[in-house]
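Here the structure is laid out as C-alpha cells; the discussion comes afterwards.
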Amino acid sequence: MLPELLWLLLPWSLAFVFLGRMRVCPPAPDAVPGTRVSVIVPARNECERISPLLESLTRQDDVDFELIVVDDNSTDGTGDLARAAGAEVISVTELEPGWLGKPHACWLGARRASGDLLVFLDADTELEPGGLRRIVATHARHGGLVSVQPYHRMKRPYEQLSALFFIIMMGSIRSFTLAGERIRSNGSFGPCMVCLREDYFRTGGHGLVRAEIVDDVALAREMGRRGVATHNFIGRGTISFRMYPGGLRDLVEGWTKNFARGAIDTDLAMLAMMTAWISGGVAAFDALRGLPVDGLSSWGIAGLIGYAAYVAQIGWLLRPLGNFGLMTAITYPISLVFFFGVFLRSLYLTLVRNSVRWKGRAISVRSAS
Numbered sequence: 001m002l003p004e005l006l007w008l009l010l011p012w013s014l015a016f017v018f019l020g021r022m023r024v025c026p027p028a029p030d031a032v033p034g035t036r037v038s039v040i041v042p043a044r045n046e047c048e049r050i051s052p053l054l055e056s057l058t059r060q061d062d063v064d065f066e067l068i069v070v071d072d073n074s075t076d077g078t079g080d081l082a083r084a085a086g087a088e089v090i091s092v093t094e095l096e097p098g099w100l101g102k103p104h105a106c107w108l109g110a111r112r113a114s115g116d117l118l119v120f121l122d123a124d125t126e127l128e129p130g131g132l133r134r135i136v137a138t139h140a141r142h143g144g145l146v147s148v149q150p151y152h153r154m155k156r157p158y159e160q161l162s163a164l165f166f167i168i169m170m171g172s173i174r175s176f177t178l179a180g181e182r183i184r185s186n187g188s189f190g191p192c193m194v195c196l197r198e199d200y201f202r203t204g205g206h207g208l209v210r211a212e213i214v215d216d217v218a219l220a221r222e223m224g225r226r227g228v229a230t231h232n233f234i235g236r237g238t239i240s241f242r243m244y245p246g247g248l249r250d251l252v253e254g255w256t257k258n259f260a261r262g263a264i265d266t267d268l269a270m271l272a273m274m275t276a277w278i279s280g281g282v283a284a285f286d287a288l289r290g291l292p293v294d295g296l297s298s299w300g301i302a303g304l305i306g307y308a309a310y311v312a313q314i315g316w317l318l319r320p321l322g323n324f325g326l327m328t329a330i331t332y333p334i335s336l337v338f339f340f341g342v343f344l345r346s347l348y349l350t351l352v353r354n355s356v357r358w359k360g361r362a363i364s365v366r367s368a369s
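The numbers in the UniProt record's numbering rise by one with no breaks, and the one at position 140 of the sequence shown is 140.
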C-alpha cells in the first residue's frame, strides 16, 4: 500500500509548498502615520453593490482620507448614490483609445487624488471596523505596492463553487510559499491595492497596464520591474466582499475573465506544482470511487486515506479565505468539475474567440497582452 499512498500524498504535499505561509493583514497600532489618504473606487453599474463600502467608509474615522468614485459610464445611478454619500464623483462617458475600463477609471482617479497614499478599492468590497487603519499601517510597515485579498462572504450555495479558483489564485500569486518574500510576488490582488502617489506616477501606474484584462497581476509585475516590490496579504478581519452575487452566470463570466490571461501568465514552475496537486486530488477520488468494486485493496485504502487528506487540506486552505463550508471540502470533486469546465471555456474564448465579456463589454484578450 505504501507506493500507492506515496503516489497520492506526494502531490498532496505540494500545496504546503505553494501555500504554506498565508499571511493575514496584521492588526494596526493605535496610531498610524498622519499620511493623507486618497481612496479611489472604480465603479460601473454598481448601484446594488457599492452601498456596503460607502457605509463602511463612514466608520473609518481614525484615518484622514478623501473618497473618489470614478463612475465608468454607469446607467443605474451609481454616481448619484456615491455623490449622496459624500464622495467626489468623476463621470466617465467614454473610454480613451487603447484603454480597458477598470485601468482607465483607476488612472483618472489617481490623477484627481490629492493624497500621498493611494488606496484602490473595488466597489463590492466592505471594510471592517478599523480596516482602513490596518491597510495604511501595513503599507507604512512594508512600503512598495501592498495588496489585500478580501475575505469572501458567501450567502448562496453556488458561490461555494469558487473554492478551487481561490486556492489556485492564491498559489499562482507566489506570495505565500514556504520561501516567503525570498521569492518575488507574481502579481497583486485588484480589490484592494495601496501605494504611494510618488511610486505610482514615477513608474507609470495603470498607464502601464491600460489594455490588460488581469490588470492587478500586470501592475505588480510592471511596478516590480521599476523597483517597487509587492507585498500581498489576506484580508480576514480587515476587508471583505461578496464576489459574484448575481447568480451562477455572473460567477462563470467573472472567473472566465480572470483566467483568460491568468493561466497563460502563471509561472511555469508554480503551474506544474498546482497541476500535480490537482491531479493528485483527482486520483484520490478515482481510487476512492473504486472501493465498492475492488473492496479493501491497497489502492482503495490508499484512496480513502488520500481523499481524507485532501478534504482536510482543502478545508484548512479555505478557512482564512472565506466562509466556505465543510461540505465544500468534503465534496471537492464537484468544485473540480466546475473548475475544469470554466477553465476550458476560458481557453476556448481566449484562443479561439479572442474575446470575453464582463459588465456588458466585450474584451479582446490577445490584444490585451
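Beta carbons are placed, not taken as given, at the ideal position from N, Cα and C, and that holds for glycine.
The model shown is predicted, which means the values in this text are computed figures rather than measured ones.
8 Å CB neighbourhood of residue i in its chain, flanking five on each side removed
i           : result
A331        : For clarity, residue 331 is Thr in the given sequence; the question names Ala instead. Taken in chain order, the list of residues that qualify is empty.
G34         : D64
R21         : F176, T177, L178, G180
C192        : V119, F120, L121, D122, T125, I135, S147, V148, Q149, P150, G235, I239
residue 374 : What is shown of the chain runs 1 to 369, which leaves residue 374 out entirely.
L318        : A163, F166, I167, F324, T328, A329
Counted within 10 angstroms of its Cβ, other Cβ atoms place residue i as buried (16 or more) or exposed
i           : result
D64         : exposed
S279        : exposed
D215        : buried
V119        : buried
A368        : Any reading at A368 must be qualified, since the residue scores a pLDDT of 45, below 50, and its modelled position is unreliable; the value itself is stated next. Buried, because 16 or more other Cβ atoms sit within 10 Å of the Cβ of A368.
M170        : buried
P97         : exposed
D80         : exposed
T93         : exposed
S240        : buried
F340        : exposed
M223        : buried
residue 379 : This structure cannot speak to residue 379, because the chain is shown only from 1 to 369.
S38         : buried
A312        : exposed
Close-in-space but distant-in-sequence residues of the same chain around residue i (CB under 6 Å, 5 per side omitted)
i    : result
F165 : W255
L132 : Q60, V63
I183 : R174, T177
L219 : V209
G303 : A284, A287, L288
I314 : A329, Y332
L95  : H104
Residues near residue i in its chain [Cβ-Cβ closer than 7 Å; skip 5 each side]
i    : result
I305 : L5
L161 : L251, S335, F338
A276 : P11, L14
T238 : C25, E128, G131, R134, I135, V148
F189 : S147, V148, Q149, D216, N232
A91  : Checking the sequence shown, residue 91 turns out to be Ser, not Ala. Excluding residues within five positions, the ones whose Cβ falls inside 7 Å are D71, G79.
F18  : G171, T177, M270, M273, M274
H142 : H231
Reduced DSSP secondary structure (H/G/I, E/B, other) of residue i
i           : result
S369        : Confidence is the limiting factor: at S369 the pLDDT is only 42, short of 50, which leaves the residue's position unreliable, though a coordinate-based value still follows. It is coil, neither helix nor strand.
A284        : helix
W12         : helix
M193        : strand
E253        : helix
L145        : strand
A43         : strand
G115        : coil
F176        : coil
Y244        : coil
residue 373 : Nothing can be reported for residue 373, as the shown portion of the chain is limited to 1 through 369.
S38         : strand
G300        : helix
G322        : strand
Span of the beta strand (DSSP E) around residue i
i    : result
F233 : 230 to 234
V69  : 65 to 72
S162 : Looking at the DSSP string, S162 is not in any beta strand (DSSP E), and its letter there is neither H nor E.
F241 : 239 to 241
L127 : 125 to 127
V92  : 88 to 92
The ligand MG heavy atom lying under 6 Å from the CB of residue i
i    : result
G247 : Absence of the ligand MG from the depicted structure is noted, as is the absence of any ligand whatsoever, leaving it without description.
Alpha helix (DSSP H) segment containing residue i, residue limits
i    : result
V209 : Note, V209: premise wrong, no alpha helix (DSSP H); not H, not E.
E222 : 215 to 225
G341 : 332 to 348
D122 : Segment: none, D122 is in no alpha helix (DSSP H) and carries neither H nor E.
T78  : 78 to 84
P52  : 51 to 57
Short CB-CB distance (under 7 Å) between residue i and chain B
i    : result
A308 : The structure shown has no chain B; it contains just one protein chain.
Quiz item: Do three or more CB pairs link the stretch 54 to 62 to the stretch 125 to 132 at distances below 8 Å?
Solution: yes
Quiz prompt | Contact the stretch 148 to 167 vs the stretch 69 to 88: 3+ CB pairs below 8 Å | solution = no
Quiz item: Do three or more CB pairs link the stretch 204 to 218 to the stretch 93 to 111 at distances below 8 Å?
Solution: yes
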